[in-house]
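Whatever position you read off the sequence shown (first residue = 1), add 279 for the numbering used here.
This report refers to the structure that appears directly beneath it.
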Amino acid sequence: MGKSGFVSLLGRANVGKSTLINRLVGRKISIISPRPQTTRNRIIGVKSGPFGQVVFMDTPGVAFHKSALSKSMIQAAEKAGAECDLAVFMADATSPDMEGDREAINRLGLDKGEGDIILAINKVDAIPKERLLGQIDKLRGLAKFIEIIPISAKNGENVDKLFELILERMPEGPAFYPEEMTTDQPENFVIGEIVREKAFLLLGQEMPYSVAVEVDSIEDKPGVTVIIMTLYVERDSQKGIVIGKNGAMLKKIGSSARLEMERRLGVKVFLDIRVKVKEKWTSNRRAFRDFGYGSE
Numbered sequence: 280m281g282k283s284g285f286v287s288l289l290g291r292a293n294v295g296k297s298t299l300i301n302r303l304v305g306r307k308i309s310i311i312s313p314r315p316q317t318t319r320n321r322i323i324g325v326k327s328g329p330f331g332q333v334v335f336m337d338t339p340g341v342a343f344h345k346s347a348l349s350k351s352m353i354q355a356a357e358k359a360g361a362e363c364d365l366a367v368f369m370a371d372a373t374s375p376d377m378e379g380d381r382e383a384i385n386r387l388g389l390d391k392g393e394g395d396i397i398l399a400i401n402k403v404d405a406i407p408k409e410r411l412l413g414q415i416d417k418l419r420g421l422a423k424f425i426e427i428i429p430i431s432a433k434n435g436e437n438v439d440k441l442f443e444l445i446l447e448r449m450p451e452g453p454a455f456y457p458e459e460m461t462t463d464q465p466e467n468f469v470i471g472e473i474v475r476e477k478a479f480l481l482l483g484q485e486m487p488y489s490v491a492v493e494v495d496s497i498e499d500k501p502g503v504t505v506i507i508m509t510l511y512v513e514r515d516s517q518k519g520i521v522i523g524k525n526g527a528m529l530k531k532i533g534s535s536a537r538l539e540m541e542r543r544l545g546v547k548v549f550l551d552i553r554v555k556v557k558e559k560w561t562s563n564r565r566a567f568r569d570f571g572y573g574s575e
């Protein structure tokens, strides 16, 4: 019998958790964007091999906004931390804001000394070594970390070593999921996340955070899969940003998303995206639960 356990990736928004889980699992599971708080659910990624199986939970980044959506995202992170065999708290080596990390650790209850926590300091490829040593000294006192490891999720530096440290802490046990499975997310959710990621990447700083995606229908036809989706925003002005002049931006988003869907699904895709306004949905718990966001 091999190793088998659950690992939560925790930390502030935009520290690289999604990039790390994608690298650990070996395929894209989680949305990657330079904008904070792009992960809204606990995304489960599964890594299996001769060693056994490790299940990673990529949690929403801890940010301290007052909207119902942000509160629910923090609750999802807290729940994941409580359910795991091991927690990996990620910090950004390039960020001078240690108080933000301290607040996140306290908010997640990691300061209580309960359970094993590894500190992974990410983005070390973007910082001089002398400064990195100073960052490590500042971060090590925030909680009782069993290990501290500098990594670069982007280029893979020390990620294999991090996985070795994780595996050492996993209990013996049977696999939770089939060996070929890499995520527990349903097809509709994965398809929706592809569109949301492309919107974040293409719109950059213009992109409103209040964007939700809903898959209306998936229909397999001879030679093509027809996917109809709705992208929701909160205001008419945001709708204009997403659609762009003469529909140019929406076409870019759709084209980029369609190509990735075809690559991942292995079929030809016809993608139809509509944009609608649903006012103040991020402040409405029922609305964002309807969209599949937030804790259970």
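Here a beta-carbon is modelled for each residue, glycine too, at the ideal position from N, C-alpha and C.
It should be emphasised that the depicted structure is a prediction, and the values quoted were computed from it without experimental measurement.
Quiz item: Could you check where the beta strand (DSSP E) with residue 335 kicks off and where it finishes?
Solution: 331-337
Quiz item: Hey, quick one: how far does the alpha helix (DSSP H) through residue 287 stretch, first residue to last?
Solution: Careful: residue 287 lies outside any alpha helix (DSSP H), inside the beta strand (DSSP E) at 282-290.
Quiz item: What three-state label does DSSP hand residue 449 in the structure shown?
Solution: coil
Quiz item: Between the stretch 363-379 and the stretch 403-417, are three or more C-beta pairs nearer than 8 angstroms?
Solution: yes
Quiz item: How is residue 398 classed by DSSP in three states: helix, strand or coil?
Solution: strand
Quiz item: Which residues in the same chain have their Cβ closer than 7 angstroms to the Cβ of residue 495, if we skip the five residues on either side of it in sequence?
Solution: 507, 508 and 509
Self-check item: The alpha helix (DSSP H) enclosing residue 417, as first and last residue numbers
Solution: 408-418
Exercise. Sort 418, 435 and 479 by Cα distance to residue 529 and report the nearest one.
Key: 479
Quiz item: Excluding the five sequence neighbours on either side, which residues of its own chain have a C-beta within less than 6 angstroms of the C-beta of residue 331, listed in chain order?
Solution: 281, 282 and 283
Exercise. Let me know the secondary structure DSSP gives residue 304 once reduced to three states.
Key: helix
Practice problem: Measure the C-alpha to C-alpha separation of residue 366 and residue 436 and round it to an integer number of angstroms. | Solution: 20 angstroms
Quiz prompt | Residues bridged to residue 542 [DSSP beta-bridge criterion] | solution = Bridge partners of residue 542: none, in fact.
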